[in-house]
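Participant: Residue numbers (the numbering used here): 262 to 1159. By construction, the Cβ of each residue, glycine as well, lies at the ideal position given by its N, Cα and C atoms. The model shown is predicted, which means the values in this text are computed figures rather than measured ones.
#1: For the region 522-530 against the region 539-546, are there 3 or more C-beta pairs whose distance is under 8 Å?
#2: Less than 8 Å between the beta carbons of residue 803 and residue 1098, yes or no?
#3: Determine, for residue 820, whether the minimum Cβ-Cβ distance to residues of chain B falls below 8 Å.
#4: Out of 503, 1119 and 1089, which one is the CA nearest neighbour of residue 742?
#5: For residue 745, collect the residues of the same chain with a Cβ closer than 8 Å to its Cβ; drop the 5 residues on either side in sequence, then sort them by chain order.
#6: Over the uninterrupted beta strand (DSSP E) stretch that includes residue 978, give me the two end residues.
#7: Nearest CA to the CA of residue 391: which residue from 379, 568, 947 and 405?
#8: To the nearest angstrom, report how far apart residue 377 and residue 438 are at their CA atoms.
#9: Determine the closest residue to residue 788 out of 834, 1047 and 759, with distance taken between C-alpha atoms.
#10: Measure from the alpha carbon of residue 980 to the alpha carbon of each residue in 568, 918 and 402, then state which is nearest.
#11: With which residues is residue 1041 paired in a DSSP beta bridge?
#12: Just the Cα atoms here: how many angstroms apart are residue 870 and residue 889?
#13: Hey, could you find the ends of the alpha helix (DSSP H) residue 723 is sitting in?
#14: Return the residue from the list 912, 1055 and 339 that minimises the CA-CA distance to residue 948.
#15: Of the choices 1048, 994 and 963, whose alpha-carbon is the least far from that of residue 1074?
#16: With DSSP collapsed to three states, give me the class of residue 1033.
#17: What whole-angstrom Cβ distance do residue 494 and residue 527 have, given they're in contact under 8 Å?
#18: Is it right to say residue 620 is buried, meaning 16 or more other beta carbons lie within 10 angstroms of its own, or is it exposed?
#19: Which residue wins for smallest C-alpha separation from residue 539, given the options 566, 445, 814 and 807?
#20: Would you kindly work out how many angstroms separate the C-alpha atoms of residue 1185 and residue 428, rounded to a whole number?
#21: Measuring straight from C-alpha to C-alpha, what distance separates residue 878 and residue 856?
#22: Cα separation between residue 842 and residue 1121?
#23: Going by the CB atoms, is the gap between residue 944 and residue 995 shorter than 8 Å?
#24: For residue 893, does the three-state DSSP call read helix, strand or coil?
#25: Any idea which residues DSSP pairs residue 322 with across the strands?
#26: Here's the rule I'm using: 16 or more other beta-carbon atoms within 10 Å means buried, otherwise exposed. How should residue 426 be labelled?
#27: Candidates 751, 854 and 796: which alpha carbon is nearest residue 903's?
#28: Report, in whole angstroms, the separation of the C-beta atoms of residue 984 and residue 1049, which I expect to be a contact under 8 Å.
#29: DSSP puts residue 832 in a beta bridge; with which residues?
#30: So what's residue 1005 in DSSP terms, helix, strand or just coil?
#31: Roughly how many angstroms separate the alpha carbons of residue 361 and residue 408, rounded to a whole number?
#32: Leaving out five residues before and five after residue 690 in sequence, what residues of the same chain have Cβ atoms less than 6 Å from its Cβ?
#33: DSSP on residue 465, reduced to helix/strand/coil?
#34: Going by DSSP, what residues sit across from residue 929 in a beta bridge?
#35: Which value, in whole angstroms, describes the spacing of the CA atoms of residue 1132 and residue 468?
#36: Smallest Cα separation from residue 714: which of 987, 1129, 537 and 371?
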């Protein structure tokens, strides 16, 4: 029946009288396109690499233009052939018959032989075939009446209820650049609007304020229609964030800004704040997110990505998720395990049967519509769901909204379980390391925007004529937030997207650097050289909330200075401080080197490996006996499929230490304020590591400035530190806090974390002693037993064949310490490594050091200082973000420069 009826679905056709086109190397707006000179075209002609046809068309598939597979790099020469072009008349009666028949046949198949309802539907479907004459439309009503006999039989009151919501997940960039996503939004959302005109019960949820902003700027007519349907509660903005960001790698402040920018946009444009966080497709979820959500007005959370985990099945569908501070959000994982259902019988039954909280919860969400590459719901999907509204044998399906759905769940919340800590995705662990330049750009730009806001805030309070650059800062923040999209920051995107991202980082670096210079000029104009006069002093700025004593390089000179700078303030330095113990660097006869600064003493062999690292006062050794720390290792890295995304556990079986010495250890700086040594290793015929190991006066850590010329394929570079420390758990920094993960593989939940993520530091401690590993731009890490490992570089070939190829520079540091990491100040030192002191020449001037803020608790980090939102006229405004690892009173003092 289906095959025959399909030929009647578009029965009346009319060939086109004419077809014409013009070709252009880049996409152009419609008003420009219609003014071009068109040439005749015919069926069978090929077009590309671009094609402009109004109807809107793009020369790529739904998922880009990969050559040979979905995630292959795009083919720039790919051609698309026009095979058919005609006007047709849609036969609605035939369509309704086909949907009726499809639902009945699917019920017969899926319900199974043990269910008598499947035999009823099979019998009715057979009767429909016997009665139907596709050439005689007069038989259609009787056939449809047969189908109605099934659909009119209702469920009992206890049947599971599915809350269906139209959905169109559009990756803001992935296998296509940002520019194409703008058009994907327009094409998909105009389809939604047309469906709403025909289906008054249809509701559609849509996240990502950035995409709304794109449509607002590029398609204002469509945007006005969206706003109209939003007022009716049918086109529903959700999520509350600027983009659907990565859930692991952005800093705490970046995550706050995701919510701040998203919620502010939805409030301004749609008159409402989102109550739900909507992040269906990211690669894990930080344990800090519940606290951030609650602080930003979010009380509910929806995702489904943990259904992708390779090892363990998550035990709940509806539960409370509790963060590291005890904050809780009501969370739902749609049991259909998809955000792009098609409204099929099989999917609705899976949604009901896969509910992992049966007996406690009798409601589930179902998101339907083509996704990832856009498209959204179709009329056929809606028609399927209408037939399942209340049909005996199937779950009850109703069009719904997030508010309606979660409000129902709230009534059953006393029966729900609670999951405490991170929601770790046991897949896509490679995204913590892939595209190292993007990750470095993210960390650097987070620092630049932090410093620009701190210094601009100081300038604003110092001089009321200073214009706080709020518009420029918002623009830069939005660029950074866009690059934190869950296929960009993780590195799982094509080369075109990487180029876009790097261009945005360059803009943030450039403009952000100018904003910092403007603030410094406003604050210290009288101290800065204006002409050829000699700068006899050094201006040193500290944007962190604690006093720092560090070695810095004098601007424009090779000389060093040991300086002390107060908390969030500055010093004018004329002479270097004298360290209590200068750095000494001694080379032994066997080519090894000993470096000491009165705090730590390190012994390096001729290959730059750390064979000993001791605390001077206690003599406590950090490195495991008979082993070497700072050992570079390389692994074969061939995932099952998701090349840029995955690193599989079996890669650990291919470990090979890098031991080919290219240039032996040599002394660069012999000591005093700084000592350093340098060496080079050959990774392969194509790749080289050059590293300078640095020890500064009074510094508690050994710093490793690393350069890698990387030209590998499917290889994974790490550096290992076998330690003389034993602990069941290691501690990792996350957003505004830290968490512990096991160092053992007792259970499948433990070994599935063979590769994890961290931010600026991780620490392995036992009672009274520990070792921390700090870094300035890395995220992938692991601690197995007593071996701490930092992931440095990968070399996937899909979807970007050039991923990570080329030169890299990064820094990490090893810090042994007494006591706990809190007592040793590990958090502060990790911030110091990531937020260098700002230095610049100053004319000689007697000016006392100044501190804007002091914090009366070492457990508190004053994270952000910025202008408050919309301060009143003639009123100074400031916003301060701080976080604490302990529950205690926090006192901050502000001091004016006047």
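Facilitator: On the basis of the coordinates in this document:
#1: Two segments are said to touch when three or more pairs of C-beta atoms, one from each, lie closer than 8 Å; by this definition the region 522-530 does not touch the region 539-546.
#2: Locating residue 803 in the chain shown gives position 542, counting from the first residue. Locating residue 1098 in the chain shown gives position 837, counting from the first residue. In this structure, residue 1098 lies closer than 8 Å to residue 803 by Cβ.
#3: Checking the listed chains, one finds no chain B in this structure; it contains a single protein chain.
#4: Within the chain shown, the letter at position 481 stands for residue 742. Per the Cα distances, 503.
#5: Here residue 745 is taken as the residue at index 484 of the chain shown, counted from 1. Cβ neighbours of residue 745 beyond the five flanking positions: 504, 506, 507, 510, 511, 515, 519 and 703.
#6: Locating residue 978 in the chain shown gives position 717, where the first residue counts as 1. For residue 978, the enclosing beta strand (DSSP E) stretches over residues 976-983.
#7: Within the chain shown, numbered from 1, the residue matching residue 391 stands at position 130. Considering only alpha carbons, the answer is 405.
#8: Sequence index remark: in the chain shown, residue 377 carries index 116 (1-based). Sequence index remark: in the chain shown, residue 438 carries index 177 (1-based). Rounded to whole angstroms, the gap between the alpha carbons of residue 377 and residue 438 is 51 Å.
#9: Taking the chain shown and counting its residues from 1, the one referred to as residue 788 is at position 527. If we check each option's Cα against that of residue 788, 834 comes out closest.
#10: Translated into positions along the chain shown, residue 980 becomes position 719. By alpha-carbon distance to residue 980, the top candidate from 568, 918 and 402 is 918.
#11: What you label residue 1041 is simply residue 780 of the chain shown in a count that begins at 1. Answer by DSSP bridge pairing, in chain order: 1018.
#12: Residue 870 sits at position 609 when you count from the first residue of the chain shown. Residue 889 sits at position 628 when you count from the first residue of the chain shown. Answer to the nearest angstrom: the Cα atoms are 6 Å apart.
#13: In the chain shown, counting from the first residue as 1, residue 723 sits at position 462. Segment 697-723, the alpha helix (DSSP H) holding residue 723.
#14: Counted from its first residue, the chain shown places residue 948 at position 687. With distances taken between Cα atoms, residue 948 lies closest to 1055.
#15: Here residue 1074 refers to the residue found at position 813 of the chain shown. Nearest in C-alpha terms to residue 1074, of all of 1048, 994 and 963, is 963.
#16: The residue given as residue 1033 occupies position 772 in the chain shown. DSSP places residue 1033 within a strand segment (E or B) once states are collapsed to three.
#17: Residue numbering aside, residue 494 sits at position 233 when the chain shown is read from its first letter. Residue numbering aside, residue 527 sits at position 266 when the chain shown is read from its first letter. Residue 494 to residue 527, Cβ: 14 Å. No contact.
#18: Taking the first residue of the chain shown as 1, we reach residue 620 at position 359. By the 10 Å Cβ count, residue 620 comes out exposed.
#19: Locating residue 539 in the chain shown gives position 278, counting from the first residue. Out of 566, 445, 814 and 807, 566 has the C-alpha closest to the C-alpha of residue 539.
#20: No answer is possible for residue 1185: the residues shown for the chain start at 262 and end at 1159.
#21: As a position in the chain shown, residue 878 is number 617, starting the count at 1. As a position in the chain shown, residue 856 is number 595, starting the count at 1. Approximately 15 Å, taken between the alpha carbons.
#22: Start at 1 with the first residue of the chain shown, and residue 842 comes out as number 581. Start at 1 with the first residue of the chain shown, and residue 1121 comes out as number 860. Looking at the backbone, the Cα of residue 842 and that of residue 1121 are separated by about 30 Å.
#23: As a first step, residue 995 is located in the chain shown; it is residue number 734 there, counting from the start. As a first step, residue 944 is located in the chain shown; it is residue number 683 there, counting from the start. Cβ atoms of residue 995 and residue 944: not closer than 8 Å.
#24: By 1-based counting over the chain shown, the position of residue 893 is 632. Note: residue 893 maps to strand in three-state DSSP.
#25: Along the chain shown, read from residue 1 onward, the residue named residue 322 stands at position 61. In DSSP, residue 322 forms a bridge with 325.
#26: For this step, residue 426 is matched to residue 165 along the chain shown. Buried is the call here.
#27: Counting from one through the chain shown, the residue named residue 903 turns up at place 642. Closest by alpha carbon: 751.
#28: Position 723 of the chain shown holds residue 984. Position 788 of the chain shown holds residue 1049. Their Cβ separation, rounded to whole angstroms, is 6 Å, which keeps residue 984 and residue 1049 in contact under 8 Å.
#29: Stepping through the chain shown from its first residue, residue 832 is reached at position 571. DSSP lists 801 as partners of residue 832.
#30: If you number the chain shown from 1, residue 1005 lands on position 744. The answer is coil: DSSP assigns residue 1005 none of H, G, I, E or B.
#31: Here residue 361 refers to the residue found at position 100 when the chain shown is read from its first residue. Here residue 408 refers to the residue found at position 147 when the chain shown is read from its first residue. Their Cα atoms are separated by approximately 6 Å.
#32: Counted from its first residue, the chain shown places residue 690 at position 429. Excluding residues within five positions, the ones whose Cβ falls inside 6 Å are 908 and 1016.
#33: Locating residue 465 in the chain shown gives position 204, where the first residue counts as 1. If DSSP states are grouped into helix, strand and coil, residue 465 belongs with the strands.
#34: As a working mapping, residue 929 is identified with position 668 in the chain shown. Bridge partners of residue 929: none, in fact.
#35: For the purposes of this step, residue 1132 is identified with residue 871 of the chain shown, where counting begins at 1. For the purposes of this step, residue 468 is identified with residue 207 of the chain shown, where counting begins at 1. Caution is warranted here: a pLDDT of 49 is assigned to residue 1132, below 50, making its placement in the model unreliable, and no coordinate value can be reported.
#36: If you number the chain shown from 1, residue 714 lands on position 453. When each option's Cα is compared against that of residue 714, the closest is 1129.
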